[in-house]
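Working notes, structure below.
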Amino acid sequence: IKPEWYFLFAYAILRSIPNKLGGVLALLASILVLMVVPLLHTSKQRSLTFRPLTQVLFWLLVADVAILTWIGGMPVEHPFIIIGQIASFLYFSLFLFLAPLTAWVENKILGW
Numbered sequence: 001i002k003p004e005w006y007f008l009f010a011y012a013i014l015r016s017i018p019n020k021l022g023g024v025l026a027l028l029a030s031i032l033v034l035m036v037v038p039l040l041h042t043s044k045q046r047s048l049t050f051r052p053l054t055q056v057l058f059w060l061l062v063a064d065v066a067i068l069t070w071i072g073g074m075p076v077e078h079p080f081i082i083i084g085q086i087a088s089f090l091y092f093s094l095f096l097f098l099a100p101l102t103a104w105v106e107n108k109i110l111g112w
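In this note's numbering, the protein residues as written are 1 to 112.
What follows is the structure in structure tokens.
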């Protein structure tokens with residue numbers, strides 16, 4: 001079974017966890033984390049124009065979603081499983097750890 005192209009990133013996250021229940025929960029979390037992003041935005045500066053660290057995180061997210069989308073269409077074989085697990089870990093860490101940490105660092109740099 002191969003889902004539509006716009007769900008391939010979530011399908012890759014589902015397949016990256018060996019446990020079936022854990023995979024389904026990770027799939028749901030991959031969609032729900034997109035709804036939580038506005039709540040995690042703690043930076044005083046709202047625009048990305050003057051936030052170079054956040055610009056780097058944005059392009060990391062774009063590359064990570066592209067890799068997850070590619071992996072979602074690949075067969076479940078050894079190199080693709082490891083790449084999917086690493087990309088899934090990066091996906092969640094970008095939203096839950098790196099984005100708030102970057103906002104905190106940028107607030108300290110700007111002196112807000």
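C-beta atoms are modelled at their ideal positions from N, C-alpha and C, and glycine is treated no differently.
Host alpha helix (DSSP H) of residue i (start-end)
| i | result |
| --- | --- |
| residue 92 | 78-93 |
| residue 35 | 20-40 |
| residue 15 | 8-16 |
Contact check, residue i vs residue j, beta carbons under 8 Å
| i | j | result |
| --- | --- | --- |
| residue 69 | residue 5 | yes |
| residue 8 | residue 72 | yes |
| residue 103 | residue 42 | yes |
| residue 100 | residue 40 | yes |
| residue 106 | residue 45 | yes |
| residue 25 | residue 61 | no |
As assigned by DSSP and simplified to three states, the class of residue i
| i | result |
| --- | --- |
| residue 75 | coil |
| residue 112 | coil |
| residue 46 | coil |
| residue 3 | coil |
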